[in-house]
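The next block holds one structure in the form of structure tokens; read it before the comments.
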Amino acid sequence: DTAVSQTPKYLVTQMGNDKSIKCEQNLGHDTMYWYKQDSKKFLKIMFSYNNKELIINETVPNRFSPKSPDKAHLNLHINSLELGDSAVYFCASSQNRDYHQSGYYNEQFFGPGTRLTVL
Amino acid sequence: ELKVEQNPLFLSMQEGKNYTIYCNYSTTSDRLYWYRQDPGKSLESLFVLLSNGAVKQEGRLMASLDTKARLSTLHITAAVHDLSATYFCAVDRGYGGATNKLIFGTGTLLAVQP
């Protein structure tokens, strides 16, 4: 009955390798996100997909490529891993049809995170 | 660019005491969210504040939003150890259409001592 799930939970790899993180949500939400949380716990959005379409693409190296096969899944592939990529990566989802008088709002629900360590 | 600042960054408080965490942001928004993160865990949604003057309460936590001052507060009443966690505010920055973007604050690490 997990709402937003990610695999793997931990990922330890060598510099230069390519790795993927998978995310799935069973909430029926339209929009999914990838966030990076650094060692100081600062949380920053990387990408957002709405119904399989890329909407937000922040200043992220081209080595990071998201893919959304359907609106319930958003995967993150990272090429040529670098030491600075070590972080916790969170997937999230939201239902953007939630509407208040001031417009759409965006309560996001987060997955458990993937701790990536690049050696 | 929207900046979101929280203070304090670290708060050590005794059980039974009251305290307030502040979240200031730099540009107009009337949607703000509070999240809780336990060590090594995910982010849990606590409050959704959607208009000026909005106030939400859950147990010992109460959140409010003043959009004119660009300020949200998270007030802790009679703290208990179980409230120890990192608390984040996040400001909703519309991105056009039905898409929104959250800008997170720096986080406040709360440690409640017995």
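Line by line, the protein sequences give chains B and C.
The numbering of the first sequence is our numbering, which starts it at -17 and goes up by one.
The numbering of the second sequence is our numbering, which starts it at 42 and goes up by one.
Backbone N, C-alpha and C fix where the C-beta goes; we use that ideal spot for every residue, glycine too.
- At a cut-off of 7 Å between beta-carbon atoms, C/L124 makes no contact with chain B.
- In the three-state reduction of the DSSP assignment, B/L65 falls in the helix class, which pools H, G and I.
- In this structure, the straight-line span from the alpha carbon of C/R134 to that of C/E42 is close to 10 Å.
- In the DSSP assignment, C/E56 falls outside any beta strand (DSSP E), carrying neither H nor E.
- Runs of the beta strand (DSSP E) lying entirely within the segment 3 to 41 of chain B, each at least 3 residues long, are 13 to 19, 25 to 32 and 35 to 39 in chain order.
- At a cut-off of 7 Å between C-beta atoms, B/K23 counts as an interface residue with respect to chain C.
- Per DSSP, the continuous beta strand (DSSP E) segment holding B/S47 begins and ends at F46 to D52.
- The criterion of a C-beta distance shorter than 7 Å is not satisfied by C/S92 and C/V132.
- Of all residues in the segment 50 to 67 of chain C, none is placed with a Cβ closer than 8 Å to any Cβ belonging to chain B.
- Of all alpha-carbon atoms in B/N32, B/P51, B/S68 and B/L58, the one lying nearest the alpha-carbon of B/Q19 is that of B/S68.
- Taking 7 Å as the cut-off, the beta carbon of B/D12 is found no closer than this to the beta carbon of B/N39.
- Residues of the segment 81 to 108 of chain C with a C-beta atom less than 9 Å from some C-beta of chain B are G81, K82, S83, L84, E85, S86, V89, L91 and S92, listed in chain order.
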